[in-house]
Amino acid sequence: MSDLLNVTSSPHVRAKVDSSKIMLLVIISLLPASFFGIYNFGIRALVLILVTIASCVASEWIFEKIVHKKSTINDLSAVVTGLLLALNLPHTLPWWQAVIGGVFAIVVVKMLFGGLGQNFMNPALGARCFLLISFTGPMTSFTYDGVTGATPLALLKAGEEVDTMSMLIGKTAGTIGETSVIALLIGAIILILFGVIDLRIPGSYILTFAIFVLLFGGHGFDMNYLVAQLCGGGLMLGAFFMATDYVTSPITPSGKIIFGIVLGILTGIFRIFGASAEGVSYAIIFGNLLVPLIEKITVPRAFGVVKEKGGDK
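Residue numbering for the sequence shown follows my numbering, beginning at 585 and increasing consecutively.
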């Protein structure tokens, strides 16, 4: 077949920037949160990050060898999946459970559905939810400064006060990459400046969630409570780095805004009315399932196309 008619599966490259360059920018943008997580939690965080990335890359390479497909590990998507998954894990998680999560993310969520561009949900979040169900105890056990305790969101859920400044900086218990809002925002700015993402999804997501918390959080217009909800858990990590995933988010401008609104409402429902203090992962996965419907109702009508009347053609 002529190269002029080379048909490929999504995502389709429409500019000089290819998938590997985009993934490299995502990796660079995640470095501030990664470095702070290592500083905050020590060598175990570094080991977990390296192990999870290695398990994701190895899983993709081995799977493609088994099914005799061309290796795609050079596109760096497996590295991004491994890094995102690691940042969503507590640093105390046993390494072998992180390996299981990496294998699940790549083989079950990504490769069995056709590889990059074919998966219907974010692989890292799919693996995180799988690990939460399979290893609930280790996945919900958090240690900070050698003391095991509740996360700020869990304390809020119990009606206790939290230090919002510590949450902003990141000197709190939590997963490796979710604690420092400052580090995450630095990474988000990198993605925005290089045009990897825009503010439609994260902006509508965070704004909708903030409005939901003010209306239904039970604390009225308590700004301290609102800031704690915004800084706590995986909201910033999810809004800027996972909800904006090209494959599992809408491509239409209005669809992105609707998607963000849906995520904000779902996160608010899970956090305020659910049994768990967190809800970002489940909200994004549920939102991923709605993407085909969102795109169907927001796709622009082709210019010059009109609705047929009766038997006219």
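Yeah, the Cβ is synthetic: ideal placement off N, Cα and C, and Gly gets one too.
Cα-Cα, which of Pro722, Tyr623, Ile690 is closest to Ile646? Along the sequence shown, one-based indexing puts residue 646 at 62. For Ile646, the nearest C-alpha among the options comes from Ile690.
Give the DSSP-derived three-state secondary structure of Thr676 in the structure shown. On the sequence shown, position 92 is the one that residue 676 refers to. In the three-state reduction of the DSSP assignment, Thr676 falls in the coil class, being assigned neither a helical nor a strand state.
Would Val631 and Trp680 qualify as a contact pair, given that the criterion is a beta-carbon distance under 8 Å? Counting from one through the sequence shown, the residue named residue 631 turns up at place 47. Counting from one through the sequence shown, the residue named residue 680 turns up at place 96. Not a contact, by the Cβ cut-off of 8 Å.
Which of helix, strand or coil DSSP assigns to Tyr728: The sequence position of residue 728 within the sequence shown is 144, counting from 1. In the structure shown, Tyr728 sits in a strand (DSSP, three-state: E or B).
Exposed or buried, which one is Thr720 when buried takes at least 16 other CB atoms within 10 Å? Here residue 720 is taken as the residue at index 136 of the sequence shown, counted from 1. Exposed, because fewer than 16 other Cβ atoms sit within 10 Å of the Cβ of Thr720.
At the level of alpha carbons, what is the spacing between Met585 and Lys653? Mapped onto the sequence shown, residue 585 falls at position 1. Mapped onto the sequence shown, residue 653 falls at position 69. Its pLDDT being 42, under 50, Met585 is placed unreliably in this model, and the value from its coordinates should be taken loosely. Looking at the backbone, the Cα of Met585 and that of Lys653 are separated by about 19 Å.
Integer Cβ distance of Ile766 from Leu752, believed to fall under 8 Å: Position 182 of the sequence shown, counting from 1, holds the residue named residue 766. Position 168 of the sequence shown, counting from 1, holds the residue named residue 752. That pair is a contact at about 6 Å.
What does the Cβ neighbour count give for Ile622, buried or exposed, with the cut at 16 atoms within 10 Å? Position 38 of the sequence shown, counting from 1, holds the residue named residue 622. Label assigned to Ile622: buried.
So, are the CB atoms of Gly858 and Pro736 less than 8 Å apart? Numbered from its first residue, the sequence shown carries residue 858 at position 274. Numbered from its first residue, the sequence shown carries residue 736 at position 152. No, the pair does not count as a contact, with Cβ atoms beyond the cut-off.
Mapping the DSSP letters down to three states, classify Ser655 as helix, strand or coil. In the sequence shown, counting from the first residue as 1, residue 655 sits at position 71. Three-state DSSP puts Ser655 in coil, outside helix and strand.
Option in Lys880, Thr756, Leu614 with minimal Cα separation from Leu668: Translated into positions along the sequence shown, residue 668 becomes position 84. Ranking Lys880, Thr756, Leu614 by Cα distance to Leu668 puts Leu614 first.
Can you tell me the Cβ-Cβ gap for Gly685 and Thr636, rounded? I've got them flagged as a contact below 8 Å. On the sequence shown, residue 685 is found 101 positions in, with the first residue counted as 1. On the sequence shown, residue 636 is found 52 positions in, with the first residue counted as 1. Correct: roughly 7 Å between the Cβ atoms.
Buried or exposed: which applies to Leu847, given that a residue is buried once 16 or more other Cβ atoms fall within 10 Å of its Cβ? Position 263 of the sequence shown holds residue 847. Counting Cβ neighbours within 10 Å, Leu847 comes out buried, since at least 16 surround it.
Just mark Ser788 as buried or exposed, buried being the case when its beta carbon has 16 or more other beta carbons within 10 Å. For the purposes of this step, residue 788 is identified with residue 204 of the sequence shown, where counting begins at 1. Buried, since its Cβ has 16 or more Cβ neighbours within 10 Å.
Less than 8 Å between the C-beta atoms of Pro876 and Thr828, yes or no? Numbered from 1 along the sequence shown, position 292 holds the residue referred to as residue 876. Numbered from 1 along the sequence shown, position 244 holds the residue referred to as residue 828. Not closer than 8 Å, so no.
For Phe825 and Leu673, what's the separation of their Cα atoms in angstroms? Translated into the one-based positions of the sequence shown, residue 825 becomes position 241. Translated into the one-based positions of the sequence shown, residue 673 becomes position 89. Those two C-alpha atoms are separated by around 15 Å.
Quick check on Ile881: buried or exposed, where buried means 16 or more other Cβ atoms within 10 Å of its Cβ? Working through the sequence shown from its first residue, we reach residue 881 at position 297. Taking all protein chains shown into account, Ile881 has fewer than 16 neighbouring C-beta atoms within 10 Å of its C-beta and is therefore exposed.
Among the residues of its own chain, which have a CB less than 7 Å from the CB of Ser750, if the five just before and after it don't count? Here residue 750 refers to the residue found at position 166 when the sequence shown is read from its first residue. Result list for Ser750: Thr756, in chain order.
Rounding to the nearest angstrom, what Cα-Cα distance links Gly758 and Asp729 in this structure? Translated into positions along the sequence shown, residue 758 becomes position 174. Translated into positions along the sequence shown, residue 729 becomes position 145. Spanning the two alpha carbons is a distance of roughly 12 Å.
Going straight from the alpha carbon of Ser661 to that of Met607, what length do you get? Sequence index remark: in the sequence shown, residue 661 carries index 77 (1-based). Sequence index remark: in the sequence shown, residue 607 carries index 23 (1-based). Distance between the alpha carbons of Ser661 and Met607: 6 Å.
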